[in-house]
Each structure stands twice: as C-alpha cells, then as structure tokens.
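> The sequence shown begins at 6 in our numbering and counts up one residue at a time.
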Amino acid sequence: RIFLNGEETVIRNPLAAGSLGIGMVHQHFHLIPQFTVAENVVLGLEPRKRGFLLDREEAVSRVRAVMDEYGFNLDPEQKAGQLTVGQMQLVEIIKILYRRAELLILDEPTSVLTEQQINRLFDTMRNLVDLGKTIIIITHKLREVKSISRRVTVMRKGQVVALRRTAEVDEKELSRLMVGRSILFQFRREEVSRGKEVLELKDIVLADKGRDHPLLDHVNLAVHSGEIVGVAGVGGNGLSELEDVVSGLRPLTSGYIMHQNMDISRMSTSALRERGLAYVPADRLHRGASLESIVLENMIISDRHSFIRVGVFKQSQAKKFCVDLKEDYSIDGDLGVPIGTLSGGNIQKVILARELASKSDFIIFSEPTWGLDVASSDFIYTKILELRKQGVAILLISSNLDEILGLCDTLVVMYRGRIVAKLPNSREISKELIGEYMLGLRDDFREGTK
6 RIFLNGEETV
16 IRNPLAAGSL
26 GIGMVHQHFH
36 LIPQFTVAEN
46 VVLGLEPRKR
56 GFLLDREEAV
66 SRVRAVMDEY
76 GFNLDPEQKA
86 GQLTVGQMQL
96 VEIIKILYRR
106 AELLILDEPT
116 SVLTEQQINR
126 LFDTMRNLVD
136 LGKTIIIITH
146 KLREVKSISR
156 RVTVMRKGQV
166 VALRRTAEVD
176 EKELSRLMVG
186 RSILFQFRRE
196 EVSRGKEVLE
206 LKDIVLADKG
216 RDHPLLDHVN
226 LAVHSGEIVG
236 VAGVGGNGLS
246 ELEDVVSGLR
256 PLTSGYIMHQ
266 NMDISRMSTS
276 ALRERGLAYV
286 PADRLHRGAS
296 LESIVLENMI
306 ISDRHSFIRV
316 GVFKQSQAKK
326 FCVDLKEDYS
336 IDGDLGVPIG
346 TLSGGNIQKV
356 ILARELASKS
366 DFIIFSEPTW
376 GLDVASSDFI
386 YTKILELRKQ
396 GVAILLISSN
406 LDEILGLCDT
416 LVVMYRGRIV
426 AKLPNSREIS
436 KELIGEYMLG
446 LRDDFREGTK
C-alpha cells in the first residue's frame with residue numbers, strides 16, 4: 006500500500022503521480038536537444054495564445070519565475086543541446102518543480118557528473134529540502150548516501166532489509182546490508198611491469214557534418230601489455246565515439262588504429278573478432294546481449310563455430326563450456342532462460358565470461374559497472390585486475406572516477422573530443438583535478454610521449 010501525507014492512495018501511472026505532487030528525474034535525461042530550456046520545461050503544460058499557439062514569451066517568463074523561486078541560474082532561452090550534463094540535470098529538476106512537485110525522486114543522480122557537479126547538485130538538493138521539498142535518491146554509491154541523506158532504506162532482491170538513520174550506520178555496514186556481506190572497494194593494483202605496445206591510436210579523427218568540431222579530434226593513445234589505460238570524461242565529449250571506433254562500429258574520418266603493428270582501422274567487426282578483440286560495451290542490454298536469446302546462446306555467440314563439427318552443432322560440448330563459465334563467474338540463472346530475465350549484474354557477468362573466454366591480448370571495457378550493485382562491481386574489478394596481472398592490455402572507458410583512479414595505470418581525460426590530460430596514476434591525483442579537466446577548466450596538456 007502507498008501512503009502520501011498520511012493518506013492511502015493509488016498511483017496508476019506517471020500522470021497520476023504528477024497530479025499528486027510526485028516528480029521523478031530519471032537516470033537517462035528526457036530533454037529535446039533542439040528545444041530551449043523553457044520549451045523543455047513547459048512541454049505538456051504549455052501556455053497558449055489564441056488557444057493553440059505556444060506562447061514562448063509567457064513560457065520563458067514562467068520558467069524564469071520557477072528558477073528565481075528556487076535559486077537556479079540558467080538561461081531559459083538556451084538550447085538544451087548546448088548545456089553541460091550538470092545543467093541538463095538541473096533542467097530535469099526544474100521540469101518537476103514547474104509542475105509543483107513536493108516529492109522529488111532522483112534515480113542515480115550522480116552517475117554522469119564530475120566531482121564539482123556532484124557538489125553543486127547536493128547543494129541544490131539541500132536548498133530544496135530547506136524550502137520544504139522531500140527528496141528520495143536511488144543510488145548504489147554509499148559515500149553519497151552518507152553525504153546527502155538523513156535516512157537510508159536498504160533493499161535486496163526486491164525487499165526492504167533495513168531502515169536506518171544515516172548518521173548511525175557506516176559504509177561497511179551498508180554494504181553488508183545490501184549484499185549480505187561487507188564490501189568496501191580496496192583496489193589492490195600490484196606492481197606489474199608494462200610490456201610491449203599492443204594497441205595504438207594515431208591521430209584519430211571522427212568528423213560530424215553537423216558540428217563545428219570533430220567528435221574525436223586528433224586523438225593519440227597507446228595501451229601496453231599489463232597496463233590499464235582509463236579514459237574519463239563527461240557524456241557528449243567523445244567517450245562513446247572512442248568506444249565505437251576502437252570496437253570497429255564506426256569508420257574513422259582519418260587516422261590509424263594499430264594492433265600488434267597491424268593497421269586494423271578499416272577492419273569489420275567480424276574481422277576484429279577473428280583477430281581476438283574482446284569488448285564489454287557500455288550498452289549491455291542492446292549491444293552486449295540478445296535479450297530474447299537464452300543465456301547459453303549469449304555465451305557462445307562469439308565462438309559458435311567452435312561447437313560445430315561437420316555441420317552439426319555439438320549441444321553437449323557447448324553446454325559443458327557454458328556450465329564451466331557459469332560456475333567460474335558465479336552467474337545466477339539457468340542457461341536455458343532468456344538472458345533478459347537476469348539481473349543487470351548477472352547479464353554483465355555473462356558478457357564478461359564470454360569475452361574473457363576468448364583469451365584476448367586486448368580488451369575494451371566501457372562503463373563496466375554502470376548501474377550495478379557493490380557485489381557485482383567488486384567481482385568485475387577483481388576480474389579486471391586479474392587480466393592486468395596476466396599481461397592483457399586494457400582500455401577502460403568510464404565516467405566513474407572512483408574506478409578510474411582505483412584501477413588504472415594511466416589516466417586520460419577527454420573534453421570536446423580532444424585528449425586534455427594524460428597522466429600516470431598516483432596518490433597525488435584527485436577527483437577534483439580530473440573534474441577540472443573534464444569540465445574544460447584546465448588546458449595545460451601538451452601532446453608529448455605516448
């Protein structure tokens with residue numbers, strides 16, 4: 006049952022929730038890039054003139070009034086596509102405040118923000134609470150739970166397992182409540198001698214006719230055996246494009262990608278697979294898995310021909326292969342069920358098991374723990390460090406600065422499609438420093454040695 010302000014209520018759809026003063030900011034923003042801030046905010050509740058035309062002047066006036074009321078500093082006439090990710094999130098909050106929401110629900114609100122943007126978001130949230138709003142955040146990030154919340158509810162397998170005052174519980178206890186055992190990420194990067202160069206990106210350019218600058222702007226990067234190179238950046242600054250070109254999913258405008266001194270720039274994805282490329286994509290649900298296919302089929306899809314003899318599929322051989330992977334990677338779920346019925350963590354484990362079974366000398370990880378619980382994240386971090394120890398060259402593309410700083414030997418930051426920082430990892434490097442590069446506040450990097 007659902008109680009709101011002490012009274013039992015029924016919420017049948019988002020429209021009903023909105024009428025009750027409940028608003029939600031989703032993990033993926035719902036803004037139209039070509040619309041202005043004001044047009045995005047009023048969409049669905051537009052002021053009209055002559056009964057049917059959008060009154061843009063009135064829309065700007067109303068949105069500016071909401072911003073003034075809650076202390077937001079944005080231009081309501083700016084196009085949404087020109088905003089930073091942090092500003093886009095504020096627009097999503099303004100949208101629900103415009104609809105007079107009293108209860109705000111934020112789903113993984115910091116997943117694509119820099120440290121500076123997170124601090125500003127938390128200041129905004131505290132201000133809204135002081136103005137009488139109620140805020141619920143849904144998050145896996147324990148440090149942020151401790152930083153911003155007053156009370157915490159822990160859920161496991163769809164059930165509430167604990168209600169606590171935040172001040173009375175530490176991160177170690179929260180992790181134990183979440184997964185049934187205590188997990189605090191202790192990244193143990195053992196000293197590993199960097200080996201030979203495995204992959205090199207030479208002056209990579211990816212142009213887009215509709216933009217005034219390339220999506221990838223003369224990117225130079227090298228990854229060596231036994232090295233994890235981490236690439237960080239705010240969404241929209243070249244990370245997804247880098248993932249696409251290295252995995253062979255988008256053709257380059259110019260430049261070269263070299264693997265073991267061979268030019269693979271124009272190779273098809275199937276040819277790259279045959280060469281041994283392993284790839285754990287950011288979009289696990291659509292790019293990394295076939296949701297309608299069963300777990301077994303997803304596990305063998307990259308190497309299906311190995312289980313075919315004289316035109317006959319060897320079911321028993323394939324099943325043994327998958328059973329072994331299922332045990333090695335602690336995957337919960339039957340091999341015969343559609344992979345889409347598994348949890349996000351188990352889907353990621355299936356993808357990881359399949360890709361690592363190829364024994365590649367090079368692997369791309371893109372947002373490997375995005376949206377996963379602490380237990381699944383810890384498992385994946387352990388596997389990544391095992392690969393490093395085995396001498397695999399790893400390109401880790403991530404907006405999660407904790408995993409970038411915890412796992413990587415070399416840190417690369419991208420802004421507006423360019424590499425703006427390339428640093429050996431050390432204790433002196435802070436999230437605040439990386440955040441300054443991610444926001445374009447520093448421009449002191451000059452391309453030198455690889």
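By construction, the Cβ of each residue, glycine as well, lies at the ideal position given by its N, Cα and C atoms.
Which residue marks the beginning of the alpha helix (DSSP H) containing residue 325, and which one marks its end?
In the sequence shown, the residue the question calls residue 325 occupies position 320. Where residue 325 is concerned, the enclosing alpha helix (DSSP H) stretches over 320-333.
> Can you tell me whether residue 408 is buried or exposed, with buried defined as 16 or more other CB within 10 angstroms of its CB?
Start at 1 with the first residue of the sequence shown, and residue 408 comes out as number 403. With 16 or more Cβ atoms within 10 Å of its Cβ, residue 408 is classed as buried.
> Does the segment 224-238 come within contact of the segment 394-408, defined as at least 3 CB pairs closer than 8 Å?
yes
> Going by CA-CA distance only, name the one from 363, 372, 405, 413 that's closest to residue 394.
To locate residue 394, count along the sequence shown from 1; it is residue 389. Nearest of 363, 372, 405, 413 to residue 394, Cα basis: 413.
> Just the Cα atoms here: how many angstroms apart are residue 45 and residue 21?
Taking the first residue of the sequence shown as position 1, residue 45 is located at position 40. Taking the first residue of the sequence shown as position 1, residue 21 is located at position 16. Taking the straight line joining both Cα atoms gives about 20 Å.
> Have a look at 235, 292, 266 and flag the residue whose alpha-carbon is nearest the alpha-carbon of residue 253.
Translated into positions along the sequence shown, residue 253 becomes position 248. Closest by alpha carbon: 292.
> Note down, one range per segment and in chain order, each beta strand (DSSP E) of at least 3 residues found wholly within the segment 235-323.
Those beta strand (DSSP E) runs which fall completely within the segment 235-323 and span 3+ residues are 259-264, 283-285.
> Taking the beta strand (DSSP E) that residue 7 belongs to, which residues open and close that run?
Position 2 of the sequence shown, counted from the start, is the residue given in the question as residue 7. Counting along the chain, the beta strand (DSSP E) containing residue 7 begins and ends at 7-9.
> Taking one C-beta from the segment 105-124 and one from the segment 58-69 each time, how about it: are there three or more such pairs within less than 8 Å?
no
> What alpha helix (DSSP H) runs, 4 residues minimum, are completely inside the segment 338-383?
349-361
> DSSP state of residue 28, grouped into three classes?
Here residue 28 refers to the residue found at position 23 of the sequence shown. In the structure shown, residue 28 sits in a strand (DSSP, three-state: E or B).
> Put residue 43 into one of helix, strand or coil per three-state DSSP.
By 1-based counting over the sequence shown, the position of residue 43 is 38. In this structure, residue 43 counts as helix in the three-state DSSP scheme.
> Could you give the first and the last residue of the continuous alpha helix (DSSP H) run that contains residue 67?
Mapped onto the sequence shown, residue 67 falls at position 62. Looking at the DSSP string, the run of the alpha helix (DSSP H) that includes residue 67 is 61-75.
> Report, in whole angstroms, the separation of the C-beta atoms of residue 84 and residue 41, which I expect to be a contact under 8 Å.
Here residue 84 is taken as the residue at index 79 of the sequence shown, counted from 1. Here residue 41 is taken as the residue at index 36 of the sequence shown, counted from 1. Yes, they are in contact, since the Cβ atoms of residue 84 and residue 41 sit about 6 Å apart, within 8 Å.
> If you measure between the beta carbons of residue 182 and residue 161, is that distance less than 9 Å?
In the sequence shown, the residue the question calls residue 182 occupies position 177. In the sequence shown, the residue the question calls residue 161 occupies position 156. In this structure, residue 161 lies closer than 9 Å to residue 182 by Cβ.
> Take every Cβ of the segment 413-430, pair it with every Cβ of the segment 236-250, and state whether three or more of those distances are shorter than 8 Å.
yes
> Output the distance between the C-alpha atoms of residue 440 and residue 220, rounded to the nearest integer angstrom.
As a first step, residue 440 must be located in the sequence shown, where it is residue number 435. As a first step, residue 220 must be located in the sequence shown, where it is residue number 215. Linking residue 440 to residue 220 through their CA atoms gives a straight-line distance of about 20 Å.
> How about residue 233: is its Cβ closer than 8 Å to a heavy atom in the ligand HEM?
Looking at this structure, you won't find the ligand HEM or any other ligand, since it has none at all.
> For residue 28, which of 442, 149, 98 has the nearest alpha-carbon?
Position 23 of the sequence shown, counted from the first residue, corresponds to residue 28. Among 442, 149, 98, the Cα nearest to that of residue 28 is on 98.
> Pick from 372, 333, 383, 388: whose alpha carbon is nearest that of residue 238?
By 1-based counting over the sequence shown, the position of residue 238 is 233. When only C-alpha atoms are compared, the closest one is 372.
> Roughly how many angstroms separate the alpha carbons of residue 345 and residue 290, rounded to a whole number?
Residue mapping note: residue 345 aligns to position 340 of the sequence shown, counting from 1. Residue mapping note: residue 290 aligns to position 285 of the sequence shown, counting from 1. Distance between the alpha carbons of residue 345 and residue 290: 8 Å.
> Starting from residue 166, follow the beta strand (DSSP E) in both directions and report where the run begins and ends.
Counted from its first residue, the sequence shown places residue 166 at position 161. From DSSP, the beta strand (DSSP E) with residue 166 extends over 164-170.
> In this structure, what does DSSP give as the bridge partners for residue 229?
As a working mapping, residue 229 is identified with position 224 in the sequence shown. The partner list for residue 229 (beta bridge, DSSP) reads 202.
> Is residue 144 near residue 115, with beta carbons less than 9 Å apart?
The residue you call residue 144 lines up with position 139 of the sequence shown. The residue you call residue 115 lines up with position 110 of the sequence shown. In this structure, residue 115 lies closer than 9 Å to residue 144 by Cβ.
> Does chain D have any CB closer than 9 Å to the CB of residue 141?
Here there is only one protein chain, and chain D is not present.
> Tell me residue 53's beta-bridge partners as DSSP assigns them.
The sequence position of residue 53 within the sequence shown is 48, counting from 1. Partner(s): 59.
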